[in-house]
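Undergrad: Position in the sequence shown (first residue = 1) + 343 = the numbering used here.
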Amino acid sequence: MSTNLRERPVAPEIDQSLTGGQLNKWIPLATLVVCVVVMTALIAMFNPDTKMFGLLVGGIISGGLVALVVIFALSWSVEGRRRAMNRTMAFVIFGAFLLACLPLFSILYTTITNGLHRFDIEFFTETMRNVKPTADHGGALHAITGTLIVTGLATIISVPIGLFTAIYLVEYGKGTLKRAITFLVDVMTGIPSIVAGLFAYSLFSLVLGPSKSGLAGAVALCVLMIPYIVRNCEEIIRLVPDKLREASYALGVTKWRTIVKIVLPTSISGIVSAVIIAIARIIGETAPLLITMGYTASMNTNPIPTPNQPINNMTALPVMVYYQYMQAPGRNPDASYARSWAGALVLVLIVMLLNIVGRWVAKKFAPKINR
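(1) Can you list, in chain order, the residues of its chain with a C-beta nearer than 6 angstroms to that of N645? Leave out the 5 residues immediately preceding and following it.
(2) Taking Cβ to Cβ, would you say G489 is nearer than 7 angstroms to F466?
(3) Which of the three DSSP states, helix, strand or coil, is assigned to I492?
(4) Would the beta-carbon of L582 fall within 7 angstroms of that of I605?
(5) Could you say if the stretch 432-452 and the stretch 653-672 meet the contact criterion of at least three C-beta pairs nearer than 8 angstroms?
(6) Straight-line CA distance for P650 to T477?
(7) Confirm, please, whether the CB-CB distance from G560 to T635 is below 7 angstroms.
(8) Report, in whole angstroms, the separation of the C-beta atoms of A623 and V694, which I expect to be a contact under 8 angstroms.
(9) Going by the beta-carbon positions, is the gap between L506 and V421 smaller than 7 angstroms?
(10) At 4 residues or longer, and completely inside the stretch 569-633: list those alpha helix (DSSP H) runs for me, N to C.
(11) On the three-state DSSP scale, how would you describe K555?
(12) At the level of alpha carbons, what is the spacing between A681 and T383?
(13) Would you identify the three-state DSSP class for T519, choosing helix, strand or coil?
(14) Hey, could you find the ends of the alpha helix (DSSP H) T456 is sitting in?
(15) Which whole-angstrom value is the C-beta distance of L549 and I647, which I expect to be below 8 angstroms?
(16) Would you report the Cα separation of I579 and S610, rounded to the nearest angstrom?
(17) Report yes or no: do the stretch 441-459 and the stretch 681-691 share at least 3 C-beta pairs separated by less than 8 angstroms?
(18) Would you kindly report the start and end of the unbroken alpha helix (DSSP H) that includes E514?
(19) Determine, using beta carbons only, whether S536 and E628 come nearer to each other than 7 angstroms.
(20) Terminal residues of the continuous alpha helix (DSSP H) containing F466?
(21) Examine the Cβ distances between the stretch 493-506 and the stretch 587-597 and report whether three or more of them are shorter than 8 angstroms.
(22) Would the beta-carbon of T470 fall within 7 angstroms of that of M663?
(23) DSSP three-state label for Q652, please.
(24) With a CB to CB cut of under 7 angstroms and the five nearest residues on each side skipped, what residues in its chain are close to G377?
(25) How is H485 classed by DSSP in three states: helix, strand or coil?
(26) Would you mind giving the Cβ-Cβ distance between P653 and S554, rounded to the nearest angstrom? I have them listed as a contact below 8 angstroms.
(27) Tell me where the alpha helix (DSSP H) around V704 begins and ends.
(28) Assign L696 to buried or exposed, taking buried as 16 or more other Cβ atoms, counted over all protein chains shown, within 10 Å of its Cβ.
(29) Pull up the distance between the alpha-carbon of T431 and that of I414, whole angstroms please.
(30) Starting from the Cα of D529, find the closest Cα among I620, L541, V379 and E577 and give me that residue.
(31) Assuming L375 and G407 form a contact by the criterion Cβ under 8 angstroms, report the distance between their Cβ atoms to the nearest whole angstrom.
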């Protein structure tokens, strides 16, 4: 018995790979670099008078836009429409991040390059007493000292008020009074700094007549500092788990001892971080200190005005930067400009240091409740 087996036609092989084409991970970065270099060269070719910083900014922005189109086309041809759209949106988001960082980098670059000329020991050990605007010497010791004194006074006044207000809003506040305090704190957060300066100047003028002093400057900074401390401390205290409070109450501990022994120790790292960041927020204020403290070229460590001496001028670093820049002589302004930029560099470094310390404290000493 014979059987005839029919040969079945062989089906063509179909690529059933679960992964389609994919660009090499270095292609987008290489495309961006090439586009930036080419656009920078074109800008330099057609506008040879462009300064280096403007050339870099123009090359980065225009090169980024060209790279966006090129990467989208390459991804569409290799990976398909869906991956091309996904890669393009990721590129756009990353570009928006770089664009947001551009002003920060610009400020740092300009401040550092201009401020290093007078960033020396003499700048930190001398004052401007008997120093002519055209002289190459003189320093900011009196201004740095005034800034530390005024900021310290503002911190001593603001921290208890802000912290106790935050405790009240979280632990005790209810109803209309709580809503009113919250509303007023939100309003104070947006008050212009010059309004705070006018308020402090008017307050001291009612008692002593027209006066200027470091204490008035500290009060002006308190008006700006307290809302930030209240809002930040309120959020930090609110994060303390209710189970810790309930366990304390179950043991018969009173409310105020629960706050002192449980709530505050648990949230202390966040509170310290909030205070440090609030200091960084107000240490560079110029307008309120210009109104309340005035300016002096000599060292003054006494911030308290008296009826016999209502005008007790002190100098803060932001005010010195302003005066050095505005009062630079027309014929030879370089010396004053150098001192002004050096003061600005010191301010930027102080603010950066305070922010870094604040974040380090918040991370280092954060309570390990759920670990």
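A virtual CB, placed ideally from N, CA and C, is assigned to each residue, including glycine. Since the structure is predicted, the reported quantities are computational estimates derived from the model, not experimental observations.
TA: By the coordinates alone:
(1) none
(2) no
(3) helix
(4) no
(5) With the cut-off at 8 angstroms, the stretch 432-452 and the stretch 653-672 do not touch.
(6) 37 angstroms
(7) yes
(8) A623 to V694, Cβ: 5 angstroms. Contact.
(9) no
(10) 585-593, 598-601 and 607-625
(11) strand
(12) Straight across, the Cα-Cα distance linking A681 with T383 is about 31 angstroms.
(13) helix
(14) R424 to G458
(15) Their Cβ separation, rounded to whole angstroms, is 17 angstroms, which puts L549 and I647 out of contact at 8 angstroms.
(16) Cα to Cα, the separation comes out at about 6 angstroms.
(17) The stretch 681-691 and the stretch 441-459 touch, with three or more beta-carbon pairs separated by less than 8 angstroms.
(18) Counting along the chain, E514 falls outside any alpha helix (DSSP H), and DSSP gives it neither H nor E.
(19) yes
(20) I464 to T468
(21) The stretch 587-597 and the stretch 493-506 do not touch, with fewer than three beta-carbon pairs separated by less than 8 angstroms.
(22) no
(23) Strand.
(24) Rather than Gly, the amino acid found at residue 377 in this sequence is Val. No residues qualify anywhere along the chain.
(25) helix
(26) 4 angstroms
(27) D677 to K707
(28) exposed
(29) 7 angstroms
(30) E577
(31) 7 angstroms
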